[in-house]
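A quick write-up on the structure given underneath.
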């Protein structure tokens, strides 16, 4: 198991948590759509970077 694989998994989890928190906090509590979209974008980018690192670390290309 390579460091890229582990880092990718960590980033995937961080991205999913960021998405969940953004949807919960800004969906129910706040009314700032720009902030919600910003956090959703950050979470999605974290997840995609993690997914890419995980695939490379596992030897999947």
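Residue numbers (this note's numbering): 1 to 61.
Don't be surprised by glycine CBs; every beta carbon is placed ideally from N, CA and C.
Is the beta carbon of residue j closer than 7 Å to that of residue i?
i	j	result
residue 19	residue 43	yes
residue 46	residue 8	no
residue 4	residue 57	yes
residue 12	residue 26	no
Considering only C-alpha positions, which residue in the set the options is nearest to residue i?
i	options	result
residue 50	6, 33 and 23	6
Is residue i helix, strand or coil by DSSP?
i	result
residue 1	coil
residue 34	helix
residue 59	coil
Take the Cβ of residue i as the centre, count every other Cβ of all protein chains shown within 10 Å, and call the residue buried at 16 or more, exposed below.
i	result
residue 59	exposed
residue 70	Residue 70 lies beyond the stretch modelled for the chain, which goes from 1 to 61, so this question has no answer here.
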